[in-house]
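To start, the structure under review is shown below, and the notes come after it.
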Amino acid sequence: MKKLTYLFVAAAAIGLVACNGNKPGYVITGTVEGGADGDTVYLQEVVGRQLNNLDTAVIANGTFTFDGVQDSTVTRYISTGKGNEVLRIDFFLENGKINVAMKKDNNSATGTPNNDAYQEIRNKVNALSAKANKIQEAMADTALTDELRVANMEQMNQLEEEYGEIQKEGIKKNINNLVGVNLFKQNFYNMTTEENDALLQQMPAQFLNDEVIMKIKEITDKQKATSIGKKFLDFEMQTPDGKPVKLSDYVGKGKVVLIDFWASWCGPCRREMPNLVEAYAKYKGKNFEIVGVSLDEDGAAWKDAIKKLNITWPQMSDLKGWNNAGAQLYAVNSIPQTILVDGEGTIIARGLHGEELQTKLAEVLK
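Numbering (mature numbering (1 follows the signal peptide of the UniProt record, and there is no 0)), first residue to last: -18 to -1, 1 to 348.
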């Protein structure tokens, strides 16, 4: 259950360990489930996608200890073990007494404000993980009936939803500290523009200059500018034949237009394409148009996909991949992504796919 694991997020590692005897320091005291005296424990930071060692400790009399002085609160990791037996916990390194218990299924780090706040969230996630593990064990039973297998999948989906709610709740409760800010960085893409905008406005000024937060604000501002009720924003690209074409050549001309951001290399885009083919066949004679905006870089692959996927509606691209000008303008950070525009050029929906798209088209094109 991928969403129920803590991922390494480089943006969370901010600041350096400082040494200043005039400031109060930190003392980390920890235990390791299954650990033995003489085992090495590592205090680590994330650099890029790698964990770098900052300090080491050795388990003695069942415990390990790290101490030092920290100028500002930062996220760090403690790891121990080898191969498939590694135990790891992420926590907040800040001055004070931090108590760490490293376990296979229920890690904890408590004793300081940020760690206590984070542990409250971690406890809820750990409880979900325990439920998920039991379901996965049941799914491994080859004698499981199809009915029970479907029921288990529904339970897993429910746990995913609960996980998302736990994250949102934790972010909103802690948006004034590093716990909430770090969770926000990891989860903003799962939240609505309105939710992200509200959280950004509540966030203390000290966090607003963070590089990732600045990028999220930029994305959110673009999403607000292209949200439902706003007029479409124009851009110019090229057709598959290399001819210049503008979005305004199709949008705002009296027809309902579906702008479809996709790419030949995108599996979900290709799986969704039959739904668009069906919609186009049903409504193309009823004041409806689709305009495809490809995030391809390879022109030949783009043209080949157009042919193989039976795409007969207008296409445009600048062959710049994720730097596609249209995708940047409309804050598209995942594909497939659709934007539905009415005959006057006003955006009336975003992110519609599958049955949801068919239902909306039936409503506006009746």
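Yeah, the Cβ is synthetic: ideal placement off N, Cα and C, and Gly gets one too. The structure displayed is predicted, hence computed values, not measured ones.
> the ligand MG heavy atoms versus the CB of Asn178: any closer than 7 angstroms?
Replying inline: The ligand content of the structure shown is nil, which means the ligand MG is not present either.
> Alpha carbon to alpha carbon, how far is Thr13 from Asn66?
Replying inline: 19 angstroms
> For Trp244, which beta-bridge partners are listed by DSSP?
Replying inline: Ser276
> When DSSP labels each residue in this structure, what does Pro95 get in the three-state scheme?
Replying inline: It is helical.
> Given a threshold of 16 other Cβ atoms within 10 Å of its Cβ, counted over all protein chains shown, does Leu334 qualify as buried or as exposed?
Replying inline: Classification of Leu334: buried, given that the 10 Å Cβ count is 16 or more.
> Taking DSSP as the reference, what is the three-state secondary structure of Tyr201?
Replying inline: Per the sequence shown, residue 201 should be read as Ile rather than Tyr. Ile201: helix per DSSP, three-state reduction.
> Between which two residues does the beta strand (DSSP E) carrying Phe189 extend?
Replying inline: Unbroken run through Phe189 is the alpha helix (DSSP H), Ala187 to Leu190; no beta strand (DSSP E).
>> Given this structure, state the Cα-to-Cα distance separating Asn306 from Gly281, to the nearest angstrom.
In response: 13 angstroms
> Is Pro160 near Asn96, with beta carbons less than 8 angstroms apart?
Replying inline: One detail in the question is off: residue 160 reads as Leu in this sequence, not Pro. Contact flag set, yes.
> Where does Tyr24 fall in DSSP's three states?
Replying inline: strand
> Looking only at its own chain, which residues have a Cβ that is under 8 angstroms from the Cβ of Thr47, when we skip the five neighbours before and after it?
Replying inline: Val9, Ile10, Thr11, Gly12 and Ala39
>> Just list the residues that DSSP pairs Lys64 with in beta bridges.
In response: Beta-bridge pairing by DSSP links Lys64 to no other residue.
> So Ala39 is in the beta strand (DSSP E); what residue range does that whole segment cover?
Replying inline: Gln32 to Val40
> Quick one, are the C-beta atoms of Ile288 and Pro222 less than 8 angstroms apart?
Replying inline: yes
>> Could you tell me the alpha carbon to alpha carbon distance between Gln310 and Asn139, rounded to whole angstroms?
In response: Distance between the alpha carbons of Gln310 and Asn139: 31 angstroms.
> For the alpha helix (DSSP H) that Asn178 lies in, which residues bound it at each end?
Replying inline: Asn178 -> alpha helix (DSSP H) spans Thr175 to Gln184.
> Looking only at DSSP bridge pairs, what is Leu160 linked to?
Replying inline: Leu160 pairs with nothing; no bridge assigned.
> Alpha carbon to alpha carbon, how far is Val82 from Thr62?
Replying inline: For the pair Val82 and Thr62, the Cα-to-Cα distance works out to about 13 angstroms.
> With distances taken from CA atoms, which of Ile71, Ala120 and Glu143 is nearest residue 385?
Replying inline: In this structure the chain extends from -18 to 348, so residue 385 is not present and cannot be described.
> What three-state label does DSSP hand Val346 in the structure shown?
Replying inline: helix
>> So, at 8 angstroms on beta carbons, what are the nonlocal neighbours of Thr45 in its own chain, with the 5 sequence-adjacent residues on each side left out?
In response: Thr11, Gly12 and Thr13
> Does the region 201 to 209 touch the region 229 to 236, meaning 3 or more C-beta pairs lie closer than 8 angstroms?
Replying inline: no
> Going by alpha carbons, who is nearest to Ala99 out of Asn269, Ile329, Asp53 and Ile153?
Replying inline: Ile153
> Exposed or buried, what is Arg31 when buried is set at 16 or more other beta-carbons lying within 10 Å of its beta-carbon?
Replying inline: exposed
> Can you tell me whether Gly336 is buried or exposed, with buried defined as 16 or more other CB within 10 angstroms of its CB?
Replying inline: exposed
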